Amino acid sequence: MKVIAANNRANYNFTISNKIEAGIVLTGSEVKSLRVNTGSIRGSYIIEQNGELWLSNSFIKKYQNSNDNNYDPSRNRKLLVTKREFDKISGSIKQGGYTIVPLSLYFSDKGIAKLSCGIAKGKKKIDKRESIKQRDWNIKKQRLLKNN
65 MKVIAANNRA
75 NYNFTISNKI
85 EAGIVLTGSE
95 VKSLRVNTGS
105 IRGSYIIEQN
115 GELWLSNSFI
125 KKYQNSNDNN
135 YDPSRNRKLL
145 VTKREFDKIS
155 GSIKQGGYTI
165 VPLSLYFSDK
175 GIAKLSCGIA
185 KGKKKIDKRE
195 SIKQRDWNIK
205 KQRLLKNN
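Numbering (our numbering), first residue to last: 65 to 212.
Here it is as structure tokens:
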């Protein structure tokens, strides 16, 4: 598994309850561009339209040797999920307070571009502070164990 882009702020801003893998519909030049690590999912989000999931605001740079003149690097890209996963996701969204957050974009072992998504709930400011305290304590704990 080769990670192309990761959304590190997702774990800080959201509490992730479930993780789902989804395929992503890309053009040939976009796949070639991703193979040289020119993609970003920072600030991207997933929307539901007409019974389908779409990845919005993700950036994939134009492939250098491509002859596509009308290329839009931040176009909406369709996500491929099973009907059961889609029903699970849409039920969680309609339940209230939950959203779908892209976590990482990667190539699977078979060379297929995949997007790891999480069903998440937003954290409040006090929860974020608690996350920072917990992370700092884990770092100090590792240092103490290493020194002893």
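Cβ atoms here follow ideal geometry from the backbone N, Cα and C, with glycine treated the same way.
Remember, predicted model here, so these are calculated numbers, not experimental data.
Query, Result
"L143 and I80 closer than 7 Å at C-beta", "no"
"Cβ contact (3+ pairs, closer than 8 Å) linking the segment 129 to 148 and the segment 84 to 99", "yes"
"Pair within 7 Å by beta-carbon distance, C181 and I84", "yes"
"Beta strand (DSSP E) runs contained entirely in the segment 78 to 153, provided each spans 3 or more residues", "78 to 88, 109 to 113, 116 to 120 and 141 to 144"
"P137 and K125 closer than 7 Å at C-beta", "yes"
"Reduced DSSP category for K174 - H, G, I as helix; E, B as strand; rest coil", "coil"
"Pairwise C-alpha distance: K185 and K192", "12 Å"
"Nearest-angstrom Cα separation, counted from S156 out to G115", "14 Å"
"Exposure label - Y162; buried when at least 16 CB within 10 Å", "buried"
"Separation of R99 from D173, as counted between CA atoms", "13 Å"
"Sub-7 Å separation of S108 and P166 beta-carbons", "yes"
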